[in-house]
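There are 2 protein chains.
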Amino acid sequence: MTAQEGAPLGLRERKKLATRRALGRAALLLALERGPENVRVDDIAAAVGVAPRTYNNYFSSVEEAICSLNVERAAQVAAGLRARPAGEPLAEALVNGIVGTVDGYTGGAEPDRAVVRVIAGAPMLRGEFLKSMTLVERALAEAIAERLEAAADRELMSRVLAAAVVAAARTATDHWLENPAGAPYHAVLRRALSFVGTEAAVAPERDG
Amino acid sequence: MTAQEGAPLGLRERKKLATRRALGRAALLLALERGPENVRVDDIAAAVGVAPRTYNNYFSSVEEAICSLNVERAAQVAAGLRARPAGEPLAEALVNGIVGTVDGYTGGAEPDRAVVRVIAGAPMLRGEFLKSMTLVERALAEAIAERLEAAADRELMSRVLAAAVVAAARTATDHWLENPAGAPYHAVLRRALSFVGTEAAVAPERDG
DNA sequence: CGCAAGTTTGCGTGCCACGCACTTTCCGGT
DNA sequence: ACCGGAAAGTGCGTGGCACGCAAACTTGCG
Numbered sequence: 001m002t003a004q005e006g007a008p009l010g011l012r013e014r015k016k017l018a019t020r021r022a023l024g025r026a027a028l029l030l031a032l033e034r035g036p037e038n039v040r041v042d043d044i045a046a047a048v049g050v051a052p053r054t055y056n057n058y059f060s061s062v063e064e065a066i067c068s069l070n071v072e073r074a075a076q077v078a079a080g081l082r083a084r085p086a087g088e089p090l091a092e093a094l095v096n097g098i099v100g101t102v103d104g105y106t107g108g109a110e111p112d113r114a115v116v117r118v119i120a121g122a123p124m125l126r127g128e129f130l131k132s133m134t135l136v137e138r139a140l141a142e143a144i145a146e147r148l149e150a151a152a153d154r155e156l157m158s159r160v161l162a163a164a165v166v167a168a169a170r171t172a173t174d175h176w177l178e179n180p181a182g183a184p185y186h187a188v189l190r191r192a193l194s195f196v197g198t199e200a201a202v203a204p205e206r207d208g
Numbered sequence: 001m002t003a004q005e006g007a008p009l010g011l012r013e014r015k016k017l018a019t020r021r022a023l024g025r026a027a028l029l030l031a032l033e034r035g036p037e038n039v040r041v042d043d044i045a046a047a048v049g050v051a052p053r054t055y056n057n058y059f060s061s062v063e064e065a066i067c068s069l070n071v072e073r074a075a076q077v078a079a080g081l082r083a084r085p086a087g088e089p090l091a092e093a094l095v096n097g098i099v100g101t102v103d104g105y106t107g108g109a110e111p112d113r114a115v116v117r118v119i120a121g122a123p124m125l126r127g128e129f130l131k132s133m134t135l136v137e138r139a140l141a142e143a144i145a146e147r148l149e150a151a152a153d154r155e156l157m158s159r160v161l162a163a164a165v166v167a168a169a170r171t172a173t174d175h176w177l178e179n180p181a182g183a184p185y186h187a188v189l190r191r192a193l194s195f196v197g198t199e200a201a202v203a204p205e206r207d208g
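Respectively, the protein sequence lines represent chains P and U.
Just so you know, the first sequence maps onto residues 1 to 208 in UniProt numbering.
Just so you know, the second sequence maps onto residues 1 to 208 in UniProt numbering.
This is the structure:
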């Protein structure tokens, strides 16, 4: 999914993925220019130089195309957590991993408000956006589960923590969007994550 | 919205609300019978005895109609929290309020797996379902904010807690759905909520 | 070099959201 | 009891979308 693994990718797959990305990028670009509700399937296809019918081989709705780039962050967030040292407490690892992922995504700079507003703020995309967030949850839950070796209900716990953390991040984004003069995204995100105390999770047992 | 306030409701409004509910109920019923993807707008309209065009005056998608009944729980959940004694710690009030709301909704019995699976499990409805959950978040955040009188960033905190708690409940539902032989919904829900430790919230003074 | 699998494309079908104008209903004031 | 008019229901037309199907084309691989 991440395209960082070039080895097992056939040439055909490569081209297909490129088309998919181009469609997603074009969809997002058009949404930025004229608003998501004014983006026609034909426009996206035309922008990429592909038949409208082909577009439907990749996405089954305009919303899905616009949010598709967002989906790629799922694996990134999970990798962000896995990159944290094994000894780090889960709560800190989660915060540092996620914040680090965002930094890697934005190059350390403040996210582009226009882009975020379109993807996360447009009512038309809300459903699809939330749906894409559940993919992040799923990936993150797996990474969390790896840190909860011997817990009784590792399954439920990891999924709940992932969902809570993602929900906190999403809320932070909303809040940051609504307060343009407020704290930088960094700070809002950290504070929001601090509210979903994951202290309860590290309690059961841990080995060094 | 909640229909519990009969006083300021004109007769017209009453009928309109009845139609809306009838449409939602019919949509859900049809989705249960034949699966959400086999529900046509005309069927819903016909089941209620109304013109298809009229249906579109109430809902702008089949998904929205099917999930509409779920939306009514937003106010219920918020009320569930407000009904808790003022002295109760927030964490406990949240758990007890939500669990109590579910009980009130199911009459204390186990939720109907078929219904829950259709609403919360059908891929086609996933986006709309998650969207409806954000309404619950919003309502719950307000109720939470009322309990956080003097906190510095009551706004962000209440919204994060609401989102985290709703996310935990949703995860509990997913988990309960996937494990038919597992613990009753009650227990899964309580356990899931216990993982999103809200201990951090009751201590207003925290480093920023 | 040629085949077979995979990909793109055009077309047709069923479905849907919604603006507009018209009809029906019925609330509220006199 | 009556009536004016707003609100709700309805029919129709338009623009748009998802997807099955089958033909044309591309390309990896033997």
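Don't be surprised by glycine CBs; every beta carbon is placed ideally from N, CA and C.
None of the values given here were measured: they were computed from a predicted structure.
- Judged by DSSP secondary structure, Ser194 of chain P falls within the alpha helix (DSSP H) whose first and last residues are Tyr185 to Phe195.
- Contact check for Ala164 of chain U against Ala65 of chain P fails: the beta carbons are separated by 8 Å or more.
- Within chain P, no C-beta atom comes less than 8 Å from the C-beta of Leu29 of chain U; the nearest is roughly 22 Å away.
- Excluding sequence positions up to five before and after Arg190 of chain U, its CB lies within less than 8 Å of the CB of Val95 and Val99, all in the same chain and listed in chain order.
- Asp42 of chain U: member of the alpha helix (DSSP H) spanning Val41 to Val48, first to last residue.
- Take Trp176 of chain U, set aside five residues on each side of it, and the residues of its chain with a beta-carbon closer than 6 Å to its own are Tyr185 and Val188, in chain order.
- If you draw a 10 Å sphere on the C-beta of Leu11 of chain U, you find fewer than 16 other C-beta atoms in it, and that means exposed.
- Restricting attention to alpha helix (DSSP H) runs no shorter than 4 residues, the segment 97-150 of chain P encloses them at 113-116 and 123-147, ordered along the chain.
- Here Phe195 of chain U is near Met157 of chain P, since their CB atoms are less than 8 Å apart.
- For Thr101 of chain P, same chain residues with a beta-carbon under 8 Å away, outside a window of 5 residues either side, are Arg73, Gln76, Val77, Ala79 and Gly80 in chain order.
- Apart from sequence neighbours up to five positions away, the residues of its chain that approach Arg25 of chain P with a beta-carbon distance below 8 Å are Leu69, ordered along the chain.
- The criterion of a C-beta distance shorter than 8 Å is satisfied by Ala141 of chain P and Ala162 of chain P.
- Close to Lys16 of chain P, with beta-carbon spacing below 8 Å, lies no residue of chain U; the smallest spacing is near 23 Å.
- At a beta-carbon threshold of 8 Å, the residues of chain P lying near Arg170 of chain U are Ala163, ordered along the chain.
- In terms of beta-carbon proximity, His186 of chain U stays away from the interface with chain P, with every pair separated by 8 Å or more.
- DSSP, read as helix, strand or coil, puts Ser61 of chain U in coil.
- Residue-level contact check: Arg191 of chain P touches chain U, since one or more beta carbons of chain U fall below 8 Å from its beta carbon.
- Within chain P, the residues whose beta carbon sits less than 9 Å from that of Met157 of chain U are Arg191, Ala192 and Phe195, listed in sequence order.
- Rounded to the nearest angstrom, the Cβ distance from Leu23 of chain P to Val48 of chain P is 5 Å, consistent with a contact under 8 Å.
- C-alpha of Val39 of chain U to C-alpha of Ser132 of chain U: approximately 20 Å in a straight line.
- In this structure Ala45 of chain P is buried. Its beta-carbon is surrounded by 16 or more other beta-carbon atoms within 10 angstroms.
- Under the Cβ criterion of 8 Å, Arg126 of chain P is counted among the residues facing chain U.
- Ala120 of chain P has its alpha-carbon roughly 30 Å from the corresponding atom of Glu13 of chain P.
- Annotated as distal: Arg154 of chain P and Ala143 of chain P, with beta-carbon spacing of 8 Å or more.
- Residue environment analysis places Leu193 of chain U among the buried positions, since at least 16 neighbouring C-beta atoms fall within 10 angstroms of its C-beta.
- At a cut-off of 8 Å between C-beta atoms, Ala181 of chain P does not count as an interface residue with respect to chain U.
- Judged by beta-carbon spacing, Glu128 of chain U lies beyond the 8 Å limit of Glu37 of chain U, meaning their Cβ atoms are not closer than that value.
- In summary, Glu178 of chain U is exposed, with fewer than 16 beta-carbon neighbours lying within 10 Å of its beta-carbon over all protein chains present.
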